[in-house]
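Notes follow the structure.
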């Protein structure tokens with residue numbers, strides 16, 4: 017009989033020594049799940065803050081003739097207006113997906129950790145420090161430009177904002193490189209890239225898209241920073257104009273804004289068939305669609321600031337990419353609809369938050385791409401209208417709903433206990449309602465002639481005023497949805513109490529979930 | 004029969020560090036390419052308006068060409084390190100990595116000479132601002148590559164250049180070659196075509 021003295025895993029654990037506890041664990045850990053949770057927890061908090069800033073800017077818009085009722089002036093309003101956009105990209109949506117993927121993807125590939133666990137930890141702390149610098153500097157008078165003159169102190173605060181944004185971009189890039197390497201290098205031998213789980217595949221596509229997008233934004237920031245740090249700003253860092261934001265606004269416009277939502281397709285592509293108990297037909301086609309959507313989301317080439325008065329956005333390529341995005345997302349919707357047709361959907365039963373959330377996120381994304389296509393079509397002249405913000409809000413809401421669905425579906429990888437299903441449904445519903453109201457009001461206001469920056473240019477009408485009130489309601493719902501999701505996640509993220517409800521190890525929790533689904 | 008405890012066989016993995024470095028190199032290169040594109044676009048715009056980019060005679064070709072030659076030599080030495088790693092030849096590996104670092108330091112010194120000889124003020128105009136933005140970013144990337152080479156050299160001190168460390172040398176060499184290509188862009192765009 018063959019015997020072994022001890023299991024190899026025991027040797028490994030003994031060599032590793034005792035795991036630190038408490039706060040030390042969060043600082044020193046190499047566990048991808050803990051780093052993923054940390055990313056998600058902080059970005060949820062920042063998400064609530066960013067959404068609250070959105071409410072303030074929306075309320076201020078209710079009276080366009082007096083943009084100083086709440087925020088204290090045109091500059092403050094512009095700072096918050098830009099913070100809302102930049103924060104949702106750099107401080108909320110991208111890190112949320114990174115955190116979810118860091119916690120979930122290695123396990124899906126059969127790996128016990130990320131390719132570079134310490135780099136993941138470093139990327140989290142660099143991102144956290146950069147995020148704090150951005151937030152603090154904006155509230156100290158910084159931001160991405162101004163509309164009404166600045167003091168020397170505000171100019172210094174702006175350079176700090178740029179520094180923080182640069183650090184955040186480097187940290188996110190580091191996390192993206194880590195994830196992409198994990199999917200490529202740590203997948204099981206014999207598994208081709210098109211065979212990896214769809215969420216892992218979508219994160220690989222997203223990471224590559226971010227690698228093509230974020231460095232371009234970093235290059236923009238380098239130029240602006242060098243100009244602002246020079247004795248007198250020359251051309252790119254003139255803080256008295258909104259030009260600094262003008263060099264970065266392509267990040268929140270088509271096609272780059274779709275880079276925020278590529279993982280939504282992967283999440284839905286896994287959750288919907290899984291919850292319906294079937295396999296996705298033509299899985300390779302679904303993976304190809306995700307890859308194609310990623311290709312259409314590469315957007316650094318479309319920035320218009322430096323090419324003025326010529327504008328790439330008037331060219332056929334820009335229009336073609338905008339229209340093709342609709343076709344691609346609709347094709348993916350078709351694949352999901354086919355899965356629903358073949359699966360066991362029972363309309364009399366309330367769908368789970370994961371199933372409903374992932375499907376609705378894709379539908380919302382399809383809506384965003386549809387209005388995005390209308391935005392780029394010449395006769396409508398919507399490029400500088402509030403439709404731009406409408407598309408951005410729809411994409412952000414889709415990303416938030418998709419992440420919530422992912423957390424509720426893969427909770428054993430992220431949480432200590434199963435999150436409340438009713439709270440999950442509530443969060444999805446609030447996020448969906450908020451996203452739809454925000455997007456619809458901005459899109460319709462764009463058709464009515466409202467500019468993307470409402471205090472600039474000619475705009476005011478009774479209809480647009482009414483739509484602004486709808487947008488306020490939408491932004492409040494978005495805050496409430498984020499609070500509901502964050503509360504449910506934080507409550508179940510804490511370690512099990514030995515005698516508490518839902519106590520048990522991850523394996524038992526997994527069994528529970530399996531039985532529930 | 005009783006056997007000694009044996010660890011599980013190592014899973015077959017693609018070269019993780021190489022793949023990660025490839026992605027990091029791509030990201031760095033794209034960022035730098037964006038910067039150079041911006042430089043070219045602004046120069047084109049200035050010239051199409053009939054304006055001058057740099058004051059004539061302000062940029063000398065000699066130091067720029069010398070930097071290109073230095074970096075090309077460093078490409079050879081870093082490849083020498085890769086070959087030494089393959090042959091598990093530590094003395095040659097250290098010598099090659101050390102020489103590469105020396106060449107990198109030489110380029111930084113030459114850049115300081117270029118900055119002194121041109122005497123550009125950063126706020127003198129768009130050309131001067133972008134000159135410092137592009138070359139300064141290149142120096143940052145070069146320093147990062149030198150740090151990568153230095154860490155690889157230090158890691159090789161603690162043991163033979165086995166497969167893993169050999170991969171680390173290859174990864175460092177990959178990043179270094181990309182840095183040399185970045186300088187080629189600077190040399191051609193900023194110094195040759197001025």
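Chains as they are written, first to last, in the working numbering: chain A, 17 to 533; chain B, 4 to 197.
Each residue gets a CB set at the ideal place from its N, CA and C atoms; glycine is no exception.
Query raised in the report: Among A:339, A:507, A:177, which residue has its Cα nearest to the Cα of residue 436 (chain A)?
Result: Nearest C-alpha to residue 436 (chain A): A:507.
Query raised in the report: Among A:381, A:344, A:292, which residue has its Cα nearest to the Cα of residue 365 (chain A)?
Result: The residue with the shortest Cα to Cα distance from residue 365 (chain A) is A:292.
Report task. Would you please verify whether the beta carbon of residue 243 (chain A) is less than 8 Å from any beta carbon of chain B? Result -> Interface residue, yes.
Report task. Taking the CB atoms as reference points, tell me whether residue 123 (chain B) and residue 131 (chain B) lie closer together than 8 Å. Result -> Yes, these two residues count as a Cβ contact at 8 Å.
**Report entry** Residues that residue 467 (chain A) bridges to, as DSSP identifies them
**Finding:** Looking at the DSSP assignment, residue 467 (chain A) forms a beta bridge with A:401.
Requested in this report: State buried or exposed for residue 536 (chain A), treating a residue as buried only when at least 16 other CB atoms are found within 10 Å of its CB.
Outcome: Given a span of 17 to 533 for chain A in the structure shown, any question on residue 536 (chain A) remains unanswerable.
Report task. Give a yes or no on whether the minimum CB-CB distance between residue 201 (chain A) and chain B is below 8 Å. Result -> Yes, contact with chain B.
**Report entry** Euclidean distance between Cα positions of residue 501 (chain A) and residue 56 (chain A)
**Finding:** Cα-Cα distance, rounded: 11 Å.
Requested in this report: Starting from the Cα of residue 81 (chain B), find the closest Cα among B:106, B:134, B:60, B:62 and give me that residue.
Outcome: Closest option to residue 81 (chain B), Cα to Cα, is B:106.
Requested in this report: Pull up the distance between the alpha-carbon of residue 34 (chain B) and that of residue 183 (chain B), whole angstroms please.
Outcome: Distance from the CA of residue 34 (chain B) to the CA of residue 183 (chain B), rounded to the nearest whole angstrom, comes to 15 Å.
Query - Test item: CB-CB of residue 116 (chain A) and residue 159 (chain A) under 8 Å - result: Taking 8 Å as the Cβ cut-off, residue 116 (chain A) and residue 159 (chain A) do not qualify as a contacting pair.
**Report entry** Meets three-Cβ-pair contact criterion under 8 Å: the stretch 270–285 of chain A and the stretch 215–235 of chain A
**Finding:** Taking 8 Å as the limit for Cβ pairs, the verdict is that the stretch 215–235 of chain A does touch the stretch 270–285 of chain A.
Query - Proximal residues, the stretch 242–269 of chain A versus chain B, C-beta separation under 7 Å - result: When CB distances to chain B are screened at a threshold of 7 Å, the residues of the stretch 242–269 of chain A falling below it are 242, 243, 246, 247, 248, 250, 251, in chain order.
**Report entry** Nearest to residue 295 (chain A) (by Cα), restricted to the options A:369, A:358, A:239, A:262
**Finding:** Check the Cα spacing between residue 295 (chain A) and each of A:369, A:358, A:239, A:262: the tightest is with A:358.
**Report entry** Short Cβ contact (8 Å threshold) for residue 391 (chain A) with residue 398 (chain A)
**Finding:** In contact: residue 391 (chain A) and residue 398 (chain A) (Cβ atoms closer than 8 Å).
Requested in this report: Give the DSSP-derived three-state secondary structure of residue 24 (chain A) in the structure shown.
Outcome: Residue confidence is low: residue 24 (chain A) scores 38 on pLDDT, short of 50, so the model does not pin down where it sits. No coordinate-derived value is stated.
Query raised in the report: Considering only the beta carbon of each residue, do residue 93 (chain B) and residue 159 (chain B) sit closer than 8 Å?
Result: Cβ distance < 8 Å, so residue 93 (chain B) and residue 159 (chain B) count as in contact.
Query raised in the report: Under 8 Å, do residue 90 (chain A) and residue 172 (chain A) count as touching if we go by C-beta distance?
Result: Taking 8 Å as the cut-off, the Cβ atoms of residue 90 (chain A) and residue 172 (chain A) do not count as close.
Requested in this report: Enumerate, from N- to C-terminal direction, the unbroken alpha helix (DSSP H) stretches of 4 or more residues contained entirely within the stretch 127–165 of chain B.
Outcome: 129–160, all fully within the stretch 127–165 of chain B.
Query raised in the report: Residues of chain A with CB under 8 Å from residue 141 (chain B), in chain order?
Result: Result: empty, since nearest Cβ-Cβ is about 11 Å, beyond 8 Å.
Query raised in the report: What residues in the stretch 124–135 of chain B have a beta carbon less than 9 Å from any beta carbon of chain A?
Result: Answer set for the stretch 124–135 of chain B: 124, 125, 126, 127, 128, 129, 131, 132, 133, 135.
Query - Length of the line joining the Cα atoms of residue 42 (chain B) and residue 244 (chain A) - result: Residue 42 (chain B) and residue 244 (chain A) have their alpha carbons spaced roughly 17 Å apart.
Query - residue 179 (chain B), DSSP secondary structure in three states - result: It is helical.
Report task. Compare the C-beta of residue 180 (chain A) with all C-beta atoms of chain B and state if any pair is closer than 8 Å. Result -> No, residue 180 (chain A) lies away from the interface with chain B (no Cβ there is under 8 Å from its Cβ).
**Report entry** Euclidean distance between Cα positions of residue 298 (chain A) and residue 350 (chain A)
**Finding:** Here the alpha carbons of residue 350 (chain A) and residue 298 (chain A) stand approximately 11 Å from one another.
Query - Any chain B beta carbon closer than 8 Å to residue 521 (chain A) - result: The predicted position of residue 521 (chain A) is uncertain, since its pLDDT is 42 and thus under 50; no value can be drawn from it.
Query raised in the report: Is the distance from the Cβ of residue 51 (chain A) to the Cβ of residue 137 (chain A) below 8 Å?
Result: Residue 137 (chain A) sits close to residue 51 (chain A), with the two beta carbons spaced by under 8 Å.
Requested in this report: Could you tell me which of A:335, A:495, A:323, A:251 sits nearest to residue 454 (chain A), measuring between CA atoms?
Outcome: The candidate whose alpha carbon is nearest that of residue 454 (chain A) is A:495.
Query raised in the report: Taking three-plus beta-carbon pairs below 8 Å as touching, is the stretch 190–206 of chain A in contact with the stretch 247–264 of chain A?
Result: Judged by Cβ distances under 8 Å, the stretch 190–206 of chain A makes no contact with the stretch 247–264 of chain A, as fewer than three pairs qualify.
Report task. Report the rounded CA-to-CA distance for residue 95 (chain B) versus residue 67 (chain B), giving the unit in angstroms. Result -> Rounded to the nearest whole angstrom, the C-alpha separation of residue 95 (chain B) and residue 67 (chain B) is 29 Å.
Report task. Tell me, to the nearest whole angstrom, how far the beta carbon of residue 421 (chain A) is from that of residue 370 (chain A); I am working on the premise that it is less than 8 Å. Result -> Indeed they touch by this definition, with Cβ atoms about 5 Å apart.
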